[in-house]
Structure formats: structure tokens, C-alpha cells
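S.K.: For this note's numbering, add 164 to where a residue sits in the first sequence, where the first one is 1.
Glycine included, every Cβ here is placed at the ideal spot set by N, Cα and C.
Computed from a predicted structure; not experimentally measured.
Before anything else, here's the structure in question.
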Amino acid sequence: MRMSKLFSKTLREAPNGADTKGYEYLLRAGYIDQLASGIFSLLPLGFRSIRKISTIVREEMDALGAQEILMPVVNPGDIWKETGRFYSIDREMTRFKDRRDSDMCLAMTHEECCTDLGRNVIDSYKRLPLLVYQLQTKWRDDPRPRAGLIRVREFTMKDSYSFDRDQAGLEKVYKAHYDAYFRIYKRCGLPVVAVGSDSGMMGGKVSHEYMYLSPIGEDTIITCPSCGYTANRQVARFKKTYNKEELKEKELVSTPNAKTIEDLCKVLSIESERTAKAVFMVGTYINDKDGSEEERLIVGIVRGDMDVEENKLQNAARANSMRPAHEEEIIAGGMVPGFGSPIGCKEGTVVVVDDAVAESNNLVAGANKEGYHYLNTNYGRDYSGTVADISSAKDGYICPDCGQPLRSSKGVEVGNIFQLGTRYSEAMNCYYQDENGERKPVIMGSYGIGIGRLLACLCEEYNDEKGLKLPLAVAPYQVHLISLIKDAEVGERVYNELKNAGIEVLYDDRKETAGVKFADADLIGVPVRITIGARSFAEGKYEVKLRKEDSVNLCSLDSIVPDTQALLAKLIRE
RNA sequence: CGGGUAGUAGCGCAGGGGCUAGCGCGUCUGGUUCGGGACCAGAAGGUCGGUGGUUCAAUUCCACUCUGCCCGACCA
């Protein structure tokens, strides 16, 4: 490709809002262009990188025996009503009516559509297992897109869906994806870790997320450096210690103005782990069948030295969504903000008690009376509720598996795999007949990789103060050719030689000064730069420089094609 | 959806109730340069996000609205 014809231009300054290096360079180098919030065009350079990533993904999916299909972006609302998600998903899903006034929606994922395909195709156990995948546009009306391609509203996702007759089959294809995903990221050059995760709106039980660890990440990952335990903080377990002792008599004490655990500990001269703190939320419970909604007050109780992990609480409370409660709502539930506890709360309140609280005795808790707390409250005797792990894992907490301290870090989710089970097949009547003629629901799994997000993460990982330096496997071109000599013929000749040898060349044929060409080459970051200058050309030589290295090598022009091929082959092997 | 911030040339920004609305970069023309974002000379390019109001006069003041970005809520 000739730079003079390239449908993009480089920018000398970072456009407003480019707050991470990777995003800034994607814009400045002309890989992408923003159309609206969370909506981007891929320009030729960006699209070439995306295609390279897509090819790697396709190769690895094909190797699993997956068959590529393409499902529609526009879905009828009906199939989403069958699974209930037409109602349970909030405004993140865009819905509209077609001309006949039927409910339609833009697919934010394709479980429904794919399960519909499955029920049309699968009748007998003889057809199973099956595995399909697609690279298709998703639309998710995220309330807050950010960081360039990291979090967008419209994006391309590789999503695959497995159909199996039993759990063993699902586990096999799940494991195959687990391994294939690592191969995909490795081939792209992105370091990732797989972590246990929450299944969220997808349903199902077992799931993993692939995380690119980076300070720009929005997820918090808990890891154990000693034994390798890793989990999203939303579900991360940790070892708790309990204060077991003889039950003592509950006692009302005056604690004026002690609205926080910190104040309370000061007033009573106790440690925070001797207290129980209440967090008030309002959960929305949606009836999957008709979409009707009900709000209920949720009280989460954790020990004073810990924080509530809202995701765990929402799961334990079985709410579809959750928000902090307003003061009036807490009072209406029979409790007093600042001095609250489930003791004496109104019926209908969902109480979830962290196991560290349930297993400890004689904790200080709110008396639901302004200015008062109770000493020696005990779960089971003084209040009841569901017991679950709802506290948030933190740096330094104890690993549940090996007992060593845990660490936390930030990560970007670049892929996920879910064992869906029969959540969708049962809801949508996707059944098969086994050898005995018995009808059984197909066991499903779904597996996603955000293609654009993957590119964005690669750009965060591979850049320096001059621009991008993507690995050869995903860079838009292999060689960036710069000719600095007057005689245009030489550059043209070399360009054609390399191109005809099947090498992907970006040729800077513009009438620009050397400085401009070098600066743009650094910005775009093609892995191999070949320069033909007057001095070296006079000796029949050219210069080769790798984007990731500083050194420059002089080589003979006579063997430029085989030498370049050898260099590229060497880079591919690395 | 709450809080903040911004919208003026392709990009980054300045300005300001009335005058020809500027600057840097980029673009175009001519010339000189020609290995790390060259120099000189000339030029093009704007209904100052939109609507309504105040005013003799609005890009500037006011109201509303749309859009982008940041923090939070939210999120695969």
C-alpha cells in the first residue's frame, strides 16, 4: 500500500479525550475514527489489524471443529421473551417496533438466536455434539462508554455456542475453549490470566474470564502469588476467621453520633471485627414470564472490618438488579440509617448475612434507634436471614486455598467462557432424544472474545513515547518501506519486489521530508522498517530497523527479498 | 441516571455585546531545502453545536436543548 493513497492521516496532536496511550495512538496513527460515543469506524490500518486477529481466532475455532455461521443483529423480541431476557435486561438492550408493531431488538449476544437454530437442527443424540461460532456485531447501549475501543457500544465479538448431550461433553468443549483462548491471546501477543468469574446475566454456573492485567482495567482481580488462585473480585473467596465464644445477653448501649463503624469503635473502644455493619440496597425482582417488576429492600450484613461485595450480595439476594436504598426506604423497612441492623426489620425485607457474621458471636450491631447500638448480637438468636459470602476480598486477605496473602490488580476482560447448562435449552425447548427415546434438554455453553477490545489492549501493551509497536502477528503491515533518495524509481522497484514476493508492505511514497516519514513510521509502528537512503544506496545497501529495537542494520539490496523473508520468518517464530 | 467539564477552521486551542473572529499545526500554490515532524512568500478554509429569548445590535448575556469527555452509578 502506498501511503499517498492511504485512507487516513496521522495526527500530530492527541485529539481531546484520548486518555490512554493505546487509544491516543490508535487515533493519531489513523487506525480508527470515532463517529459517536462508543461507536467507531475502522480505517484501513485498523481494519487490517482486526482482520489479522480475526484470522487467528478463526483458525483456532476451526481447529476445535467449530463451524462458522452468521446470525442476525436484529432479533424478534419473541425469542428473548422465551428466555425472559426481553424483560430482565435493562435499557442496555435496544428495543424497537417494526412496521407491523412487533417487538424487535438489537442482539447484544446470541444465545437466544443460536438456541433457536439448535432446536431447529437438533433432534437426536446422533447429531450431538455441535459447535458453531460467528464474528458478528453486537450492540450494547452501555450507559458509559470509555477508553476508546476498550468499552464501546457497537463492537465485533467472536461468540461460539456448544451443544452437548451431557455435562461431560460440555466440560470437554469448555476445556477446549479454555485452552484455545490461551493460544489465541498468545498468538496475538497479549498476556492474559484466566479468572473465575460471575456469570452475570448469562446464567449458568461455571465461567471464566480472560483478563489483561493493566492499570486501565475496570475489573479488580484477586490473585494468590503463592498458589495461583485467581478470581474476579465480584466472586473472589478468601479465608475468614470467626470470633466464636459463649453467647452473651444482648444489651442496649448509648452511642450518640456513632453513625460509622469507625466512630462506633472509638465510642466503645472495640475493634471493628467485633461489629456487624448493615448495607441497605433496593433490589428489583423481575418476573421472567410477564415482565412485571417488584422492588424489595435488601439488607446485607458484614463484619465491620470488611466491605460488602455488591455483586455477591445481589446474587445471594437473587435480585435482577440492585441500587443503594434511599433513607426513606430504610426507615420504611423499620430500620434506622447509621444505627441499622436487621433486628426488628419489617417482614419482606431480604436479609443476607455474611458467614463471618453468622459464625461470630456477640457482635455490636445497630439497635434501629437513633443513638443506640446493641452489644452481643447473634445471628439466629436475634435475627435471621440467608447466610452467604457477601464480603469483598482485598489486598492482604488470606487465600482460601493455600493460606497465603492475596493480591489485587486491575484488569480488562478480553474474553469469557460460560457453561450455560440447560438455562436456554429448557426455556426455548431445545431438546434431543437419547438412545432410550427419552427427551432431554441440550446442554449448552457460550464463549466470547471481543475483537476490538483485544486490539485496544494490544495497543496498550505495545507502545512507547513515539507510537504503536504491535507484534508482527497483528500489525497492519509487515514492512514499512521508506525511500529517501531523489530517484523515485528505486523505491518503486523495491516496493514491487517486496510486494510481489508476498510481503505486506506499506510504502511511504509521499513527498515528505525524512523526519515526517520516520515519525509517521514510528507512530504506525509496522514491525520492520526498511530505509533506502542516498549513502547506503550508493553502496548498494539498505537499512533495516525493527520497531521494537534501536539498532539499524545495513544489508545488501541484491538479496533484499530473501533477507526480508528470513527476517519475517524469524519474527514469526519469536 | 447523578456530579463535573467542554462545544469557535481538518486537529489542538485563544478571544469576546457593535469593528475584517484570531493563534499553532495541517491543507493549497510558487520557490529554496532534502536522514528525525524544514524554510520563505502567498492563499483557501468558520452561518462561533442547535432553538428560543433579552437588546437598536448576540458568536459573546439568559433559558432550554443536543453532543463529546471525565468521575460515580451501571456493565459481557
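How far does the alpha helix (DSSP H) with L634 in it extend, from its first residue to its last?
M.R.: From DSSP, L634 is part of no alpha helix (DSSP H); its letter is neither H nor E.
S.K.: Taking just the CA atoms, how far does T184 sit from F204?
M.R.: Straight-line Cα distance between these residues: approximately 16 Å.
S.K.: Would you say R329 and Y289 are within 8 Å of each other, going by their C-beta atoms?
M.R.: Yes.
S.K.: To the nearest angstrom, how far is the alpha carbon of I425 from that of V285?
M.R.: Whole-angstrom Cα-Cα distance: 59 Å.
S.K.: Using a Cβ-Cβ cutoff of less than 6 Å, which residues in the same chain neighbour E668 once the five nearest sequence positions on both sides are dropped?
M.R.: Same-chain partners within the cutoff: Y641 and Q642.
S.K.: Count the C-beta pairs between the segment 592 to 603 and the segment 564 to 577 that are closer than 8 Å, then say yes if the count reaches three, no if not.
M.R.: Verdict: no, contact absent.
S.K.: Looking at K574: is its Cβ nearer than 8 Å to the Cβ of P420?
M.R.: For K574 and P420, no; Cβs fall outside 8 Å.
S.K.: How long is the line joining the alpha carbons of L190 and R482, rounded to whole angstroms?
M.R.: Their backbone Cα atoms lie some 41 Å apart in a straight line.
S.K.: To the nearest angstrom, how far is the alpha carbon of V466 from that of A683?
M.R.: Taking the straight line from one Cα to the other gives about 56 Å.
S.K.: Could you check how far apart the C-beta atoms of L416 and Y536 are, in whole angstroms? I think they sit under 8 Å.
M.R.: L416 to Y536, Cβ: 6 Å. Contact.
S.K.: Beta-carbon separation of R259 and D305 under 8 Å?
M.R.: No, the pair does not count as a contact, with Cβ atoms beyond the cut-off.
S.K.: Which ranges would you report for the beta strand (DSSP E) in the segment 622 to 678 if only whole runs of at least 3 residues count?
M.R.: Listed in chain order, they are 643 to 647 and 669 to 672.
S.K.: On the CB-based measure, 16 or more other CB atoms within 10 Å of its CB, does F444 come out buried or exposed?
M.R.: Its Cβ being crowded by 16 or more others within 10 Å, F444 is buried.
S.K.: Are the CB atoms of V516 and G549 nearer to each other than 8 Å?
M.R.: Against a cut-off of 8 Å, the Cβ pair of G549 and V516 comes out as a contact.
S.K.: Where does H341 fall in DSSP's three states?
M.R.: If DSSP states are grouped into helix, strand and coil, H341 belongs with the helices.
S.K.: For A326, which beta-bridge partners are listed by DSSP?
M.R.: It is worth fixing the name first, because residue 326 is Ser in this sequence and not Ala. DSSP lists L295 and G609 as partners of S326.
S.K.: Name the one or two DSSP bridge partners that F582 has.
M.R.: Answer is S371 and S610, bridged to F582.
S.K.: Just to confirm, is the Cβ distance from Y659 to L636 under 8 Å?
M.R.: In this structure, L636 does not lie closer than 8 Å to Y659 by Cβ.
S.K.: To the nearest angstrom, how far is the alpha carbon of K510 from that of V500?
M.R.: Whole-angstrom Cα-Cα distance: 12 Å.
S.K.: In the structure shown, what three-state DSSP assignment does G194 receive?
M.R.: In the structure shown, G194 sits in coil (DSSP, three-state: anything other than H, G, I, E or B).
S.K.: Just mark A741 as buried or exposed, buried being the case when its beta carbon has 16 or more other beta carbons within 10 Å.
M.R.: Absent from the model: residue 741. The displayed extent of the chain is 165 to 738, so no value can be given.
S.K.: So, is R699 buried or exposed, given that buried needs 16 or more other C-beta atoms within 10 angstroms?
M.R.: Per the 10 Å Cβ criterion, exposed.
S.K.: With a CB to CB cut of under 6 Å and the five nearest residues on each side skipped, what residues in its chain are close to V370?
M.R.: So the qualifying residues of the chain are Q583.
S.K.: Taking buried to mean at least 16 other C-beta atoms within 10 Å of its own C-beta, is K441 buried or exposed?
M.R.: With 16 or more Cβ atoms within 10 Å of its Cβ, K441 is classed as buried.
S.K.: Mark C278 as exposed unless 16 or more other C-beta atoms lie within 10 angstroms of its C-beta, in which case mark it buried.
M.R.: Buried, because 16 or more other Cβ atoms sit within 10 Å of the Cβ of C278.
S.K.: Once DSSP output is grouped into helix, strand and coil, what is the label at C563?
M.R.: If DSSP states are grouped into helix, strand and coil, C563 belongs with coil.
S.K.: Exposed or buried, which one is K408 when buried takes at least 16 other CB atoms within 10 Å?
M.R.: Flag for K408 reads exposed.
S.K.: Do the CB positions of I613 and G579 come within less than 8 Å of each other?
M.R.: Contact: yes.
S.K.: Between C352 and I220, is the Cβ-Cβ spacing less than 8 Å?
M.R.: Their beta carbons are under 8 Å apart, which means C352 touches I220 by this criterion.
S.K.: Compute the Euclidean distance between the alpha carbons of M366 and K734, then round it to the nearest angstrom.
M.R.: At M366, the pLDDT of 49 sits below 50, so the modelled position is not reliable; the number obtained from the coordinates is stated separately. So the two alpha carbons sit approximately 42 Å from each other.
S.K.: Comparing C-alpha positions only, which one of P691, L662, R711 and R308 sits nearest to S723?
M.R.: The candidate whose alpha carbon is nearest that of S723 is L662.
S.K.: What would DSSP say about P179, mapped onto helix, strand or coil?
M.R.: Of the three classes helix, strand and coil, the one that applies to P179 here is coil, per DSSP.
S.K.: Consult DSSP for M366 and reduce its assignment to one of helix, strand or coil.
M.R.: Here the model assigns M366 a pLDDT of 49, short of 50, so the residue's position is not dependable, and the following value carries that caveat. Helix at M366.
S.K.: With 16 as the cutoff for other CB atoms within 10 Å, does S168 come out buried or exposed?
M.R.: The residue in question, S168, is exposed, as its Cβ has fewer than 16 Cβ neighbours within 10 Å.
S.K.: For the segment 410 to 457, list the alpha helix (DSSP H) runs that are entirely contained and at least 4 residues long, ordered along the chain.
M.R.: Those alpha helix (DSSP H) runs which fall completely within the segment 410 to 457 and span 4+ residues are 425 to 432.
S.K.: To the nearest angstrom, how far is the alpha carbon of T677 from that of P691?
M.R.: T677 and P691: Cα-Cα distance of roughly 21 Å.
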